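One structure is given here, and the rest of the page talks about it.
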Amino acid sequence: MLTIHGICPDSGDRLRQASAASDGSLPADAIWIDLLNPTHDEDRRVEEHLGIEIPTREEMHDLEPSEIIYTENGARYMTARVICQSESIVPKLADVTFILTEKALVTVRYDEPGAFNIFLNRATKPGGCGRQPEAVLDGLIEAIVDRAAEVLRGVGDKVDMASRRIFAGRAQDVEQGGVYQVVIQRIGQHEHIISNVRESMMSIERVLLFLSANYNRPKKAATGFSAEWRSAVRDVQAIEEHATFLSSKLQFMLDATLGLVSIEQNKIIKLFSVVSVALMPPTLIASIYGMNFRAMPELDWRWGYPLALVSMVLFAVLPYLFFRWKRWL
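Numbering (my numbering), first residue to last: 65 to 393.
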């Protein structure tokens with residue numbers, strides 16, 4: 065699907081969403097060409113309009129680290145990974161290629177990250193975006209960073225809930241395989257989301273550092289965007305630090321959960337050990353008087369059987385009382 069975002073002729077400070085003409089030509093004033101699942105014909109039309117090459121989906125996926133950011137024929141090609149499907153349990157990363165030219169910004173994507181809709185809603189409002197392709201790129205990056213921060217904040221809230229659930233767990237939950245198993249699964253899901261956010265921000269940071277170091281203000285532009293991009297780099301680094309903090313917190317929660325599980329299991333094993341020790345003397349007595357030797361004087365005792373039973377009960381209770389006295393139970 066080919067979507068073109070251009071300057072609305074009746075309002076100089078807002079963007080309008082335009083489409084290609086019936087003959088397939090693109091508006092001359094388009095400053096943002098958004099290619100969502102483009103066909104070969106749509107790629108060709110944009111290439112002829114701007115004099116650039118549009119990478120295919122396979123080329124975007126198979127990019128080497130050295131080819132993620134490069135300049136060709138005056139156009140800057142930058143591929144970043146953007147959080148997509150953030151409403152799902154485990155959001156995924158979508159590859160998005162930004163092609164910045166003096167005439168327009170081209171974005172090539174095969175998924176629908178929510179950040180693009182967020183930016184479009186902002187840009188179509190008065191004063192929501194400037195009239196340069198760099199302004200569109202700056203707004204898109206800002207929306208991507210804001211969306212990543214929102215996802216990370218949601219994960220932080222869930223981590224706090226999981227933390228309260230861990231330390232409010234009961235011993236019965238371990239025996240029944242309850243709360244701790246669920247919490248460990250949640251920790252894994254949260255860590256996956258945080259890793260995706262960190263990977264996305266690292267790719268965005270590379271794009272921003274490249275722009276800050278290699279961007280030259282066009283002659284027709286009144287101001288540049290180097291300051292905005294340096295500010296965005298600081299925002300990205302703050303998100304990365306927050307992600308690192310949440311990862312450390314999740315690691316602590318995982319260690320604490322496994323520690324609590326071990327403690328509860330040790331309690332159960334200790335109970336079995338106490339029962340085993342308590343039953344050892346009665347078992348010894350029963351074994352002695354269960355032997356079938358002919359010369360056993362106790363066999364002729366009138367009260368031998370009751371005495372053996374009383375002895376077994378007594379020597380079972382005494383170890384239990386000893387453990388209670390030592391506070392081992």
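Each residue gets a CB set at the ideal place from its N, CA and C atoms; glycine is no exception.
Please read these numbers as outputs of a predicted model, since none were measured by experiment.
Start and end residues, alpha helix (DSSP H) containing residue i
{"i": "Lys156", "result": "Run containing Lys156: none in the alpha helix (DSSP H); it sits in the beta strand (DSSP E), 156-164."}
{"i": "Asp224", "result": "197-231"}
{"i": "Arg388", "result": "368-389"}
{"i": "Arg108", "result": "104-114"}
Residue i - containing beta strand (DSSP E), residue span
{"i": "Asp175", "result": "Premise fails: Asp175 is in no beta strand (DSSP E) and is neither H nor E."}
{"i": "Glu128", "result": "Counting along the chain, Glu128 falls outside any beta strand (DSSP E), and DSSP gives it neither H nor E."}
{"i": "Ala144", "result": "139-148"}
{"i": "Ala168", "result": "Looking at the DSSP string, Ala168 is not in any beta strand (DSSP E), and its letter there is neither H nor E."}
{"i": "Val94", "result": "In the sequence as displayed, the identity of residue 94 is Ala instead of Val. Its beta strand (DSSP E) spans residues 94-100."}
{"i": "Ile133", "result": "133-136"}
Beta-carbon separation (whole angstroms), residue i vs residue j, contact threshold 8 Å
{"i": "Val215", "j": "Ile257", "result": "7 Å"}
{"i": "Arg173", "j": "Leu100", "result": "6 Å"}
{"i": "Val261", "j": "Ile147", "result": "6 Å"}
{"i": "Val247", "j": "Ala232", "result": "Actually they do not touch by this definition, with Cβ atoms about 11 Å apart."}
{"i": "Ala372", "j": "Ile349", "result": "6 Å"}
{"i": "Ile230", "j": "Leu324", "result": "7 Å"}
{"i": "Arg109", "j": "Leu90", "result": "7 Å"}
Buried versus exposed, by CB contacts within 10 Å (16 or more), residue i
{"i": "Trp96", "result": "buried"}
{"i": "Ala302", "result": "exposed"}
{"i": "Leu363", "result": "exposed"}
{"i": "Asp98", "result": "buried"}
{"i": "Asp126", "result": "exposed"}
{"i": "Ile333", "result": "exposed"}
{"i": "Arg211", "result": "buried"}
{"i": "Leu310", "result": "buried"}
{"i": "Ser312", "result": "exposed"}
{"i": "Pro370", "result": "exposed"}
{"i": "Met360", "result": "exposed"}
{"i": "Ile327", "result": "exposed"}
{"i": "Trp392", "result": "exposed"}
{"i": "Ala168", "result": "buried"}
{"i": "Asp299", "result": "buried"}
{"i": "Gly194", "result": "buried"}
{"i": "Val381", "result": "exposed"}
{"i": "Phe180", "result": "buried"}
{"i": "Asp105", "result": "exposed"}
{"i": "Met317", "result": "buried"}
{"i": "Leu314", "result": "buried"}
{"i": "Asp202", "result": "buried"}
{"i": "Met142", "result": "buried"}
{"i": "Met265", "result": "buried"}
Cβ-based neighbour list, residue i, same chain, cut-off 8 Å, excluding 5 preceding and 5 following
{"i": "Trp389", "result": "none"}
{"i": "Lys222", "result": "Arg250, His254"}
{"i": "Asn278", "result": "Thr135, Arg140"}
{"i": "Ala92", "result": "none"}
{"i": "Phe386", "result": "none"}
Close Cβ partners of residue i (< 7 Å) along its chain, the five nearest in sequence each way excluded
{"i": "Val139", "result": "This sequence places Ala at residue 139; Val is not what is there. Excluding sequence neighbours, Ala139 sits near Ile116, Ile163, Leu164, Thr165."}
{"i": "His306", "result": "Leu216"}
{"i": "Ser267", "result": "Ala144, Arg145"}
{"i": "Gly368", "result": "Glu362"}
{"i": "Lys284", "result": "In this predicted model, Lys284 has a pLDDT of only 48, less than 50, meaning its place in the structure is not dependable; the value taken from the coordinates is given anyway. Around Lys284: no qualifying Cβ."}
{"i": "Pro413", "result": "Only positions 65 to 393 of the chain appear in the structure, and residue 413 is not among them; the question remains open."}
{"i": "Glu111", "result": "Glu117, Ile118"}
Residues near residue i by beta carbon distance below 6 Å, same chain, minus five either side
{"i": "Trp293", "result": "Leu272, Leu275, Ser276"}
{"i": "Asn137", "result": "none"}
{"i": "Tyr384", "result": "Ala342"}
{"i": "Leu449", "result": "The displayed coordinates of the chain run from 65 to 393. Any statement about residue 449 would go beyond what the structure contains."}
{"i": "Asp107", "result": "Ile118"}
Pick from the options that is closest to residue i, judged by C-alpha positions
{"i": "Glu206", "options": "Arg186, Ala232, Asp224, Asn356", "result": "Arg186"}
{"i": "Gly178", "options": "Val338, Tyr244, Ala213", "result": "Ala213"}
{"i": "Glu269", "options": "Val297, Gly252, Ala168", "result": "Val297"}
{"i": "Val154", "options": "Ala372, Ser259, Glu111, Leu324", "result": "Ser259"}
{"i": "Ala158", "options": "Thr188, Lys167, Met124", "result": "Met124"}
{"i": "Gln196", "options": "Thr308, Ala94, Pro346", "result": "Ala94"}
{"i": "Val377", "options": "Phe386, Pro346, Phe387, Ser340", "result": "Pro346"}
{"i": "Phe379", "options": "Lys331, Ser340, Arg366", "result": "Ser340"}
{"i": "Ser375", "options": "Gly220, Glu263, Ile352", "result": "Ile352"}
{"i": "Gly252", "options": "Val219, Arg228, Glu263", "result": "Val219"}
{"i": "Tyr244", "options": "Glu111, Glu131, Gln329, Gln149", "result": "Gln329"}
{"i": "Pro102", "options": "Glu128, Ser295, Val170, Gln149", "result": "Val170"}
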